[in-house]
Amino acid sequence: MLPQQQTARIQHHRSSAMTDLRNRFTHIFFDADDTLWENESFFREAEAQFARLLSDWSGPEGLQQLLWQKQEENIPVFGYGSKTYLIGMTDAAMELCGGNLPLEIYTGIKKIIRDLTYHEFRIIEGVEETLKALCGRFELVVATKGDVTEQMAKYRKSGLSQYFHHIEVMENKTEENYLELASKHNLKPEQMLMVGNSVKSDIAPVINIGGYAINTPHEIVWTHEMMDMPESDRITIVKRIDDIPKLLL
Ligand SMILES: [Mg+2]
4 MLPQQQTARI
14 QHHRSSAMTD
24 LRNRFTHIFF
34 DADDTLWENE
44 SFFREAEAQF
54 ARLLSDWSGP
64 EGLQQLLWQK
74 QEENIPVFGY
84 GSKTYLIGMT
94 DAAMELCGGN
104 LPLEIYTGIK
114 KIIRDLTYHE
124 FRIIEGVEET
134 LKALCGRFEL
144 VVATKGDVTE
154 QMAKYRKSGL
164 SQYFHHIEVM
174 ENKTEENYLE
184 LASKHNLKPE
194 QMLMVGNSVK
204 SDIAPVINIG
214 GYAINTPHEI
224 VWTHEMMDMP
234 ESDRITIVKR
244 IDDIPKLLL
């Protein structure tokens, strides 16, 4: 089973539109993973496979904790994406095996990561209708972070590129990164509207620089991305992504 600490169930009771969002924006920026397409559930499945592979060495919770620690060490060095997971899983397994990593464990880890890379692709319900409704009226931009090769492959595979003007694979999603993104598109921060599932990556930094954000909750949140929602009337929370067109048109 999936370790509870990695999985957060979001209460879907909040739905608010604090500010009138119509006639305010020319561009809309969309996060990709778990906003346009499913992502985190495949990582949770990979972690469950990893726990089965290492079950002789560790219980699932201890393993999860160790993997989490290795991920936090590796992300600043290697960035986001499945290759960093490969390193994190290998580091964790190496530590558990006392430095003598059996070949079958390493091969098993590589298979888990390969499966993660070539998993079935699932667009989130309501995404295509939403993009179709917005694409003639706004310049739509994908603003995602992570490994460029992986993100571009997903973007091409998604079939959604017809609705977007542009994709930005950002190194990270800090306030500084969003200021750069705004300036690249000749926008002031207050002209930015970011749509995404992650409070930490898609909402808080955009609000902090003076922009607007729409949060599309996803039921699984990566521990690395967990954060309380800031208080701001520039944040709108929707239940589903296809609630967005009526807020903007
Ligand atoms: Mg996301």
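Be aware that the sequence shown starts at 4, since it is given in our numbering, and climbs by one per residue. Where is the CB? At the ideal position from N, CA and C, for every residue including glycine.
Beta strand (DSSP E) segment containing Tyr-215, residue limits: 215 to 218 is the span of the beta strand (DSSP E), which, as asked, contains Tyr-215.
Reference Glu-48; option with closest CA among Met-155, Ile-223, Asp-94 and Tyr-215: The option with the nearest alpha carbon to Glu-48 is Ile-223.
Gly-214 versus Ile-238 - alpha carbon distance: Gly-214 and Ile-238: Cα-Cα distance of roughly 9 Å.
Unbroken stretches of the beta strand (DSSP E), 3 residues or longer, contained in the region 103 to 157: The region 103 to 157 contains, as complete beta strand (DSSP E) runs of 3+ residues, the segments 142 to 148 (chain order).
Residue environment, Leu-242, which counts as buried when at least 16 other CB atoms sit within 10 Å: First, the amino acid is wrong: residue 242 is Lys here, not Leu. Per the 10 Å Cβ criterion, exposed.
At least 3 beta-carbon pairs within less than 8 Å: the region 28 to 44 vs the region 121 to 132: Yes, since at least three Cβ pairs between the region 28 to 44 and the region 121 to 132 fall closer than 8 Å, the two stretches touch.
Assigned secondary structure, Gly-65 (DSSP; H/G/I helix, E/B strand, else coil): Gly-65: helix per DSSP, three-state reduction.
Top-ranked residue by Cα proximity to Ala-96, from Ile-126, Gly-139 and Glu-50: Residue Glu-50 is the option with its Cα nearest to Ala-96.
Option in Val-80, Leu-119, Leu-99 and Leu-57 with minimal Cα separation from Phe-45: The shortest Cα separation from Phe-45 among Val-80, Leu-119, Leu-99 and Leu-57 belongs to Leu-119.
Proximity of Asn-218 and Asp-236 at Cβ, strictly below 9 Å: No; because the gap between Cβ atoms is not below 9 Å, this pair is not in contact.
Straight-line Cα distance separating Met-155 from Asp-34: For Asp-34 and Met-155, the distance between alpha carbons rounds to 13 Å.
His-221 Cβ short of 8 Å to ligand 1 heavy atom set: Checking every heavy atom of ligand 1 against the Cβ of His-221, one is found closer than 8 Å.
Heavy atom of ligand 1 within 8 Å of Leu-129 beta-carbon: Note on residue identity: the sequence assigns Gly, not Leu, to residue 129. Taking non-hydrogen atoms of ligand 1 into account, the C-beta of Gly-129 is found less than 8 Å away from none of them.
Nearest-angstrom beta carbon gap, Leu-69 and Glu-98 [assumed within contact, 8 Å]: With 8 Å as the limit, Glu-98 and Leu-69 qualify as a contact, their Cβ atoms being about 7 Å apart.
Span separating the alpha-carbon of Glu-123 from that of Asp-36: The C-alpha of Glu-123 lies about 14 Å from the C-alpha of Asp-36.
Ala-207 Cβ short of 8 Å to ligand 1 heavy atom set: No, Cβ of Ala-207 sits at least 8 Å from all heavy atoms of ligand 1.
Within 9 Å, strictly: CB atoms of Phe-32 and Ala-207: No.
Proximity test, Ala-35 beta-carbon vs ligand 1 heavy atom, cut-off 8 Å: Ligand 1 has a heavy atom closer than 8 Å to the beta-carbon of Ala-35.
Cβ contact check for the region 21 to 28 and the region 72 to 90: 3 or more pairs under 8 Å: No, they do not touch.
Own chain partners of Ile-78 with C-beta closer than 7 Å, once the 5 adjacent residues on each side are dropped: Cβ neighbours of Ile-78 beyond the five flanking positions: Thr-87.
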